[in-house]
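Residue numbers (our numbering): 2 to 160.
This is the structure in C-alpha cells:
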C-alpha cells in the first residue's frame, strides 16, 4: 500500500517540484519515518528548498526524516542511499533539526502529533555552499565487471 501511494503521488510531487527525480518511503520506516528523495540540484541550498517544500505537501508534513540525494542515487537501493549518506554528509554542516506535526501513531515524541524532524542534505557539496575542499570524483564499477564478480561469488559459494 505504501509503495502504491509513493508511485501514485510521484507525478504530483514532480508537478510542484520538477527538480525531483524520484522518492522512496521505505516500509522499514512505516512509510512516514523516512523519505529519501533524489533531485537535479541546480543551486546552493537546493536540497533544503526541496525538503521544506515536501514538508508542506499534505501528509508529507508528517514525515520525520527527509534525506535529499543527487539525481544519480537510486533512492530505492539502500546500499546506494547509505553510501551517499555516509560519504556526503557532515552532521554539523548538513543536518537541520526542526519541529512540526508528526503522525499520531509515532510514540517516540513527547507530545501526541508534534515532535522533532530531521532534514539531511546528502548531495554533493559545492564551493558556493561553503565547501572549501576539492570534492572527489565518484568511481563507478563497470556493469560487465559487476556481472563477472557476482558470477564468481556464486561459483565460490559466497552469497
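Glycine is no exception: its CB is placed at the ideal position from the N, C-alpha and C atoms.
Who are the Cβ neighbours of residue i in its own chain at under 8 Å, not counting the five residues just before and after it?
| i | result |
| --- | --- |
| residue 156 | none |
| residue 51 | 18, 20, 21, 38, 40, 69 |
| residue 130 | 45, 46 |
Report the three-state DSSP secondary structure of residue i (helix, strand or coil).
| i | result |
| --- | --- |
| residue 137 | coil |
| residue 160 | coil |
For residue i, which residues from the same chain have a beta carbon less than 7 Å from its beta carbon, with the 5 sequence-adjacent residues on both sides left out?
| i | result |
| --- | --- |
| residue 22 | 39, 40, 41, 72 |
| residue 105 | 113, 114 |
| residue 1 | There is simply no residue 1 to check, as the chain begins at 2 and stops at 160 in what is shown. |
| residue 103 | 63, 65, 110, 114, 115, 116 |
| residue 125 | 71, 89, 136 |
Provide the residue span of the alpha helix (DSSP H) that contains residue i, from first to last.
| i | result |
| --- | --- |
| residue 93 | 92-95 |
| residue 13 | 3-17 |
| residue 85 | 79-89 |
| residue 150 | 144-156 |
Would you say residue i touches the ligand ADP, meaning its beta carbon is less than 7 Å from a heavy atom?
| i | result |
| --- | --- |
| residue 101 | Absence of the ligand ADP from the depicted structure is noted, as is the absence of any ligand whatsoever, leaving it without description. |
Per DSSP, what are the beta-bridge partners of residue i in this structure?
| i | result |
| --- | --- |
| residue 120 | 67, 97 |
| residue 112 | 115 |
Output needed for residue i: all residues of its chain with C-beta closer than 6 Å, excluding positions within five of it in sequence on either side, in chain order.
| i | result |
| --- | --- |
| residue 85 | 70, 74, 123 |
So within the stretch 20-74, which uninterrupted alpha helix (DSSP H) runs reach at least 4 residues, ignoring any that extend past its ends?
47-55
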